[in-house]
Amino acid sequence: MRLLRSRSSHAPAALTHHTLLLELLLLTLGGASLGCKLTVCTNAFLEGKSRPGVEEGPNWSYCDLLHNYRVCTDDQAKDCRGDIQFHSIIKMVPTLMNRNNCTAVLAQPAPASVQQKAGAMSAPEPPDACRYKGPPAPVAHCGLFGDPHLKTFSGSYQTCGVRGAWPLLNTPELAIQVTNRPVQPNSHATATSKVTVIIKGHEVCGSERTYEASAETLPKAFIDGTTWSGGSAIRPAVAVTEKVSSEHILITVSYINATVAVRKIGKYLTVVVTMPEPLVEGLGGDDEQLLCVQGCPDYERLDGPGASFPAIPSVMPKEEATVLCKKHNVTDYYLDSCIFDLVTTGDLSFSVAAQTAQRDLWSHAPQAARATLKNCTQHPCVWDLTSAAWQLK
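Those letters in the sequence shown? Residues -35 to -1, 1 to 358, per mature numbering (1 follows the signal peptide of the UniProt record, and there is no 0), in order.
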């Protein structure tokens, strides 16, 4: 006990107290519950802590160890829920992270010396175990923006009602759900007010993570406060990155080479999903309507032959909407979508949403984007806003 106190004698009193409690827990950690691999996490933490240059305190190396220890123990939550030491450790580690200001520390780039020694808590698999191993393939792109307007993985463009919660995508590794609310009272036209992204647990590449964005806030972390999972902070298997504060986040899932971009524009959200085409094939089925895969059900279409909604009232003259939208350099379906949104809502942020959606298409799927340089040649080339196709029942 004196040895432990001697080693931490220069730390602040409160920090020393919690560090000692954690070390005592680690020293007394014996046989864990059946199936619980808490000792794997603990041994990796102790090994990393004993390496030269790793010192307790608000520094990158120590915070990275604590963070990875927390991720590792989170992965054991199901099997270790009956273990007393487990419950003590999962309370103690976040306390140490808070006292060392680790959220702010890890938000900074790792020092060059740390990058060379990265992997103190990495799994025993090769460094690229969680990199995508599939053959080179075209990128499938799905986007949802505006009232909402949908581009499916197959390249179909649709405008839909889809009020409430709808699944955008559901794969063995990734699930995305959007929630849409009416843009005007008693209107069938809706816009996305909530996005939920679930990265399903992977036995090697990290535990389950959930991200939630709403019309009120665009968080820069998963709901548990972490920003990555699997691998290390330098080479995470799963990560959420804030591109523009409160406006744009990007989620990456490296082992399936997928990205999910969520933007907050005005009062609503937009979503862009990309992943290799082979991973999209075969998704969905008769019992599951995935918007990115099958598109909207015919009865939810605001365009096309299946539409049966009464006319949506105009809020802005079409001529004025056309001028405003053309100032944003949108073309083809994105121009039509912009005009429709301004006519039906008068909300100028929808013109920015259309512009951003077309730019995202150029960024993620340039081949598909080239087709949008021409004038609109497919239905609905010019929407008749007085027709029965555009209004609420």
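Heads up, the beta-carbon is just placed ideally off N, CA and C, and yes, glycines get one too. In this text the structure is predicted, and so the values were computed from the model without any measurement.
| Query | Result |
| --- | --- |
| Residues bridged to M240 [DSSP beta-bridge criterion] | A105 |
| Candidates L267, V36, V308: closest to H153 by CA position | L267 |
| Collapsed DSSP secondary structure at K165 in the structure displayed | coil |
| L115 vs C261 beta-carbon contact at 8 Å | yes |
| Local conformation of S279 per DSSP, three classes | coil |
| Inter-stretch contact at 8 Å, needing at least 3 Cβ pairs: the segment 123 to 136 / the segment 239 to 248 | yes |
| Buried or exposed (CB count within 10 angstroms, at least 16 for buried), D263 | exposed |
| Of the listed residues G18, I54, L256, nearest to V236 (C-alpha basis) | L256 |
| Collapsed DSSP secondary structure at V148 in the structure displayed | coil |
| Close-in-space but distant-in-sequence residues of the same chain around R51 (CB under 6 Å, 5 per side omitted) | The sequence given here has Phe at residue 51, not Arg. Cβ within range, chain order: L3, C45. |
| Terminal residues of the alpha helix (DSSP H) in which P331 lies | 331 to 335 |
| Complete runs of the alpha helix (DSSP H) confined to the segment 23 to 50 [at least 4 residues] | 25 to 40, 42 to 45 |
| Supposed close pair V19, S26 - CB separation, criterion 8 Å | 5 Å |
| C-beta contact flag for K232 and L183 at 8 Å | no |
| Contact set for P282: own chain, Cβ-Cβ below 8 Å, skip 5 residues either direction | V308 |
| Helix, strand or coil at R200 according to DSSP, with G and I counted as helix | coil |
| Counterpart residues of Y176 in DSSP-defined beta bridges | V162 |
| Backbone CA spacing between S328 and V288 [nearest angstrom] | 25 Å |
| Nonlocal neighbours in the same chain, by C-beta distance under 6 Å from V295, ignoring five residues either side | C303, A319, Q320, Q323 |
| Residues of its chain near G171, where Cβ-Cβ distance is below 6 Å and the 5 sequence neighbours each way are ignored | S194, G195, A202, V203 |
| Pair within 8 Å by beta-carbon distance, K165 and A140 | yes |
| Bridge partner(s) assigned by DSSP for T124 | H114 |
| Continuous beta strand (DSSP E) stretch holding L215: start and end | 213 to 218 |
| Among V245, C1, E181, E177, the one whose alpha carbon lies nearest that of L215 | E177 |
| Coarse secondary structure for Y233, derived from DSSP in three states | strand |
| N222 versus S314 - alpha carbon distance | 31 Å |
| Distance between L61 and E21 (C-alpha atoms, nearest Å) | 10 Å |
| DSSP state of R228 mapped onto helix, strand, coil | strand |
| Nearest-angstrom Cβ-Cβ length linking V218 and T117, presumed shorter than 8 Å | With a Cβ gap of about 20 Å, V218 and T117 do not count as contacting. |
| Neighbourhood of D306 by C-beta distance below 6 Å, restricted to the same chain and skipping five residues each side | G111, D112, F315 |
| N145 burial status per 10 Å Cβ neighbour count (16 or more: buried) | buried |
| Residue of R174, C28, S211, S197 minimising C-alpha distance to E181 | S211 |
| Opening and closing residue of the alpha helix (DSSP H) in which A9 lies | 3 to 14 |
| Closest residue to Q123 among Y298, V162, R335 (Cα-Cα distance) | Y298 |
| Straight-line gap, S279 to S197 (C-alpha atoms, nearest Å) | 52 Å |
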